[in-house]
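Peer 1: In my numbering, the protein residues as written are 15 to 106.
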Amino acid sequence: MGEIARIDLDRLSGLADRVSEAIDRIAALTWPRLEPGALPGSALSTAATPHPVAHRIDGVVTDLRDWVMAARAAADAFAHADSVNAARMPRR
Numbered sequence: 015m016g017e018i019a020r021i022d023l024d025r026l027s028g029l030a031d032r033v034s035e036a037i038d039r040i041a042a043l044t045w046p047r048l049e050p051g052a053l054p055g056s057a058l059s060t061a062a063t064p065h066p067v068a069h070r071i072d073g074v075v076t077d078l079r080d081w082v083m084a085a086r087a088a089a090d091a092f093a094h095a096d097s098v099n100a101a102r103m104p105r106r
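1. Hey, how far is the Cα of residue 17 from the Cα of residue 40?
2. Which class does residue 97 belong to by DSSP, given the choice of helix, strand or coil?
3. Please identify the residue among 77, 83, 75 and 96 whose C-alpha is closest to the C-alpha of residue 20.
4. Distance, Cα to Cα, residue 32 vs residue 24?
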C-alpha cells in the first residue's frame, strides 16, 4: 500500500494511436468469399459460407477498438486525477 505508480500518458496515448491505425489497416483487409448465387447448379452453391478468418478478424477488430477506447479513457482519467491531486498538494 502507498506505492507510487507512474503512468507515461504520452506513451499510452501514442500506443492507442498506433493500435487505432493498425485497426484501420486490419479492418480494410478483404478475404475471398464464395458467393452462392455465382455458383448455380454447383455442389458448392449450397456449401458457400463466409471465410472463417473474416469472422475472427471482425472479432479482433472489435476487441482492439474496445481496448483503444479503454486506454484513452484511462489516460484521460489519470490526467484528470493528476491535475485534481496536484491542486491539493502544497508546493515545496
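Backbone N, C-alpha and C define an ideal beta-carbon position, used for all residues, glycine too. What you are looking at is a predicted structure, and each value in this text was computed from that prediction instead of being measured.
Peer 2: Let me spell this out:
1. Taking the straight line from one Cα to the other gives about 39 Å.
2. helix
3. 96
4. 12 Å
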